[in-house]
Amino acid sequence: MSSFIANTKDMQFVLHDLLKVSDSDVPGYEEMDRDFTEAVLDAAGKVSSEVLAPLNEVGDKEGCVLENGVVRTPKGFDKAFEAMKEGGWTALDCDPEFGGQGMPYLLNCAVGEMFVSANMAFNMYQGLTHGAYSAIHTHGTDEQKQTYLPKMVTCDWTGTMNLTEPHCGTDLGLMRTKAEPQDDGSYAITGTKIFISAGDHDLSDNVIHLVLAKAPGGGEGTKGVSLFIVPKFLVNEDGSLGERNSLSVGKLEEKMGIHGNATCVMNYDGAKGWLLGDLHKGMRAMFTMMNEARLGVGLQGYAVAEAAYQEAVAYAKDRIQGRDVTGVKAPEKAADPIIVHPDVRRMLMDQKSFVEGARAFTFWGAHLIDRSHGLNDAEAEGLISLMTPVIKGFLTDKGFETAVSAQQVFGGHGYTEDWPMSQHVRDARIAMIYEGANGIQALDLVGRKLAADGGKHVMAFFEMVKAECKSHDDDERMKPFTDALKNASKQLQTAGMFFMQNGMKNPNAALSGSYDFMHLMGHVCLGLMWTRMAKAAFTALDNGASDTAFYEGKIATGRYYMARQLPACAMHLARIESGADPVMALTDDQF
0 MSSFIANTKD MQFVLHDLLK VSDSDVPGYE EMDRDFTEAV LDAAGKVSSE
50 VLAPLNEVGD KEGCVLENGV VRTPKGFDKA FEAMKEGGWT ALDCDPEFGG
100 QGMPYLLNCA VGEMFVSANM AFNMYQGLTH GAYSAIHTHG TDEQKQTYLP
150 KMVTCDWTGT MNLTEPHCGT DLGLMRTKAE PQDDGSYAIT GTKIFISAGD
200 HDLSDNVIHL VLAKAPGGGE GTKGVSLFIV PKFLVNEDGS LGERNSLSVG
250 KLEEKMGIHG NATCVMNYDG AKGWLLGDLH KGMRAMFTMM NEARLGVGLQ
300 GYAVAEAAYQ EAVAYAKDRI QGRDVTGVKA PEKAADPIIV HPDVRRMLMD
350 QKSFVEGARA FTFWGAHLID RSHGLNDAEA EGLISLMTPV IKGFLTDKGF
400 ETAVSAQQVF GGHGYTEDWP MSQHVRDARI AMIYEGANGI QALDLVGRKL
450 AADGGKHVMA FFEMVKAECK SHDDDERMKP FTDALKNASK QLQTAGMFFM
500 QNGMKNPNAA LSGSYDFMHL MGHVCLGLMW TRMAKAAFTA LDNGASDTAF
550 YEGKIATGRY YMARQLPACA MHLARIESGA DPVMALTDDQ F
């Protein structure tokens, strides 16, 4: 069975030593002092360890079942969902006007990380609901908000997002789902959607589907797409549930992982729906969900890696195999624990340095979202828009790689179902695919985000990195961090210049290197986070912090990332500068 203990200590370090949230001018942050965040994180950590983690294996082994048109979730999920609702965890950062607690998005992300680490499949039921809530909250009419949001905040009603169809995923302009206007102002929605996470289940009284469809007069492509609210059960004027809508679950997908989440084929047969946002501008409303979801999926990438890392560390300390080449470490045992061996330590350091850097990067991203919303900060909005594909793509790629590395620590035992490592690997794999496959994230980064607003935001990022390095010129202890970061940042800028010089005359030259650019930028971002965390740790030690082992360990882990991971930037740059020819050399029939 999976065991998981939330790393609230490191979360507190990121919130207070790194981001200094209680000193921030972001609305709501003034209440986030150490005592308050400690109380929230400790309570959430207890729920994660005691309620969610014990159900992770149950969900994986049992999966969901479709019986007579009703989806049944795994044993224990219903009681756990009620515990989440009663604890107010579904409403943490939601609008108080609709029953939410109004806390910052950053705190919701910190809590969400624990829930994902403990049980990713379970947390998706409320996670998808939060995305649908956000879309209705941003784009809905007052009547729609009053009708749906109070119940969605509490997760008495859950939500979904319906994009993909059997013949189209990324290219939503090809969709065939139709929306026919009705005399009462509603629309009749007809079509089939696939891969709908939490599409139906027995955890809530109603499921509020947000469905992309084409209404008459919209034209071709995504410009003709509209977004509709399509509830499983129609809602009466008094707020009570009415008759079942004309929609059904065609089947449950048989998946590699996240078995505890019901991934459905949804059939709409003239189902009654209501327009959300403007007609023929559904992509605008949908991307309210998608952008939030992409940061959430990046979080999933490292959160599952955190759970896998914890298992690997515990195993490495317990499993005995061979002797330390520098001298016996456990003479009372037949062999030494495998954690003494350099290659095992290499794997564990790869895992630890990634997870802690990714946590800082994601929390910083959530902070930028709070800043852009709370202060209407255009610079923060531009920066998080630039970072979103990196958070989603890089962190999920490396998160899966980290889960595999943790599995490797177990040797053959990691490949059996007697241990939780197989599940961690299988669960982590989906994060690289859904909410826009990672190749699409790379294309979005290079094809759209770099040039947005005339390249203003990426230039601001380069200046941010430059200023960070310069601010530590007088601290010799920071040299291993700033030297490595400067070099990596120059390599990132060189890659950007290559795209500018070659991309216009040969777009494939840029697109062939987009994936490497996303990873190069991801490493620079984590290098920036580790530079800032190292300075925060040095400052804490200078100020007489009592927990010297924690802060010294933080600095040593950061040095490892700068020395062992940032050199990958040179490889990515070399690939980018090779251009399109090696990638495009073969004709189709030569594959």
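Residue 0 is where the sequence shown starts when you use numbering that gives the first Met the number 0, and the numbers rise one by one after that.
Beta carbons are placed, not taken as given, at the ideal position from N, Cα and C, and that holds for glycine.
Worksheet item: Taking C-alpha atoms, which residue in Gly295, His423, Asp426 lies nearest to Pro388?
Response: With distances taken between Cα atoms, Pro388 lies closest to Gly295.
Worksheet item: Under a three-way DSSP split, which group does Thr169 fall into?
Response: Under the three-state reduction of DSSP, Thr169 is assigned to coil, being neither helix nor strand.
Item to complete: Compare the Cα-Cα distances from Phe232 to each of Val224, Ser225, Leu246, Asn507 and report the closest residue.
Response: Among Val224, Ser225, Leu246, Asn507, the Cα nearest to that of Phe232 is on Leu246.
Fill in: Thr530 burial status per 10 Å Cβ neighbour count (16 or more: buried)
So Thr530 counts as buried.
Practice prompt. Work out the CA separation of Pro341 and Thr163 for me, nearest whole Å.
Written response: 46 Å
Worksheet entry | Any 3 or more C-beta pairs closer than 8 Å across the segment 403 to 421 and the segment 260 to 269 | no
Practice prompt. Determine, using beta carbons only, whether Ser116 and Glu305 come nearer to each other than 9 Å.
Written response: yes
Worksheet item: Apart from the five residues just before and just after Met255, which ones in its own chain have a Cβ nearer than 8 Å to its Cβ?
Response: Arg425, Arg428, Ile429
Worksheet item: Can you round the beta-carbon distance between His571 and Leu510 to whole angstroms, since I take them to be within the 8 Å contact cut?
Response: That pair is no contact at about 15 Å.
Item to complete: Can you give me the start and stop residues for the beta strand (DSSP E) that Ile338 sits inside?
Response: Here Ile338 belongs to no beta strand (DSSP E), and DSSP marks it neither H nor E.
Fill in: Outcome for Leu18 when other beta-carbon atoms lying within 10 angstroms are tallied against a minimum of 16
buried
Discussion item. Assuming contact is defined by CB atoms lying nearer than 9 Å, are Ala212 and Ile188 in contact in what I supplied?
Written reply: yes
Worksheet item: Taking all protein chains shown into account, do 16 or more other C-beta atoms lie within 10 angstroms of the C-beta of Gly591, making it buried, or fewer, making it exposed?
Response: Past the edges of the chain, shown from 0 to 590, lies residue 591, and the structure says nothing about it.
Item to complete: Ignore the nearest five residues each way along the sequence and tell me which others in Leu347's own chain have a CB closer than 8 Å to its CB.
Response: Closer than 8 Å at Cβ, skipping near neighbours: Tyr308, Ala311, Val312, Ala315, Ile338, Val408.
Discussion item. Once DSSP output is grouped into helix, strand and coil, what is the label at Asn542?
Written reply: coil
Worksheet entry | Rounded straight-line distance, which links the Cα of Leu14 to that of Ser23 | 11 Å
Discussion item. Since Phe362 and Ala109 should fall inside the 8 Å C-beta cutoff, what is the C-beta to C-beta distance between them, to a whole number of angstroms?
Written reply: 7 Å
Worksheet item: Out of Ile575, Gly190, Thr157, Tyr550, which has the shortest C-alpha to C-alpha gap to Ile135?
Response: Thr157
Worksheet item: Going along the chain, which unbroken runs of the alpha helix (DSSP H) with 4 or more residues stay wholly within the segment 247 to 317?
Response: 281 to 317
Worksheet item: Could you check where the beta strand (DSSP E) with Ile207 kicks off and where it finishes?
Response: Counting along the chain, the beta strand (DSSP E) containing Ile207 begins and ends at 205 to 213.
Practice prompt. Quick one: grab the DSSP three-state call for Asn161.
Written response: Residue state for Asn161 is assigned as strand, using DSSP reduced to three classes.
Fill in: alpha helix (DSSP H) runs wholly inside the segment 454 to 520, at least 4 long, in chain order
455 to 469, 478 to 501, 506 to 510
Worksheet item: Which residues in the same chain have their Cβ closer than 7 Å to the Cβ of Gln660, if we skip the five residues on either side of it in sequence?
Response: Coverage of the chain is limited to positions 0 through 590, which leaves residue 660 absent and any answer about it impossible.
Item to complete: Using alpha carbons as the reference points, say which of Ala284, Ala79, Arg175, Ile319 lies closest to Asp201.
Response: Ala79
Worksheet entry | Residues near Glu61 by beta carbon distance below 8 Å, same chain, minus five either side | Pro73, Lys74, His258, Gly259
Worksheet item: Pick from Arg574, Lys489, Gln422: whose alpha carbon is nearest that of Gly58?
Response: Of the candidates Arg574, Lys489, Gln422, the one whose C-alpha sits nearest the C-alpha of Gly58 is Gln422.
Discussion item. Could you tell me the alpha carbon to alpha carbon distance between Asp32 and Gly220, rounded to whole angstroms?
Written reply: 48 Å
Fill in: Nearest-angstrom Cα separation, counted from Leu171 out to Ile193
13 Å
Practice prompt. Give the secondary structure of Ser352 by DSSP, where H, G and I count as helix, E and B as strand, and everything else as coil.
Written response: helix
Worksheet item: Would you report the Cα separation of Asn437 and Gly521, rounded to the nearest angstrom?
Response: 13 Å
Discussion item. Quick test of your reading: Ala270 and His138, contact by CB under 8 Å. State the CB separation rounded to the nearest angstrom.
Written reply: Actually they are not in contact, since the Cβ atoms of Ala270 and His138 sit about 20 Å apart, beyond 8 Å.
Discussion item. According to DSSP, simplified to helix, strand and coil, what is Arg243?
Written reply: Three-state result, Arg243: strand.
Discussion item. What does the Cβ neighbour count give for Asn244, buried or exposed, with the cut at 16 atoms within 10 Å?
Written reply: buried
Worksheet entry | Whether Ser2 touches Ala42 by CB criterion (9 Å) | Cβ distance not < 9 Å, so Ser2 and Ala42 don't count as in contact.
Discussion item. Please classify Ser203 as buried or exposed, where buried requires at least 16 neighbouring CB atoms within 10 angstroms.
Written reply: With 16 or more other Cβ atoms within 10 Å, it is buried.
Worksheet item: In this structure, does DSSP put Arg71 in helix, strand or coil?
Response: strand
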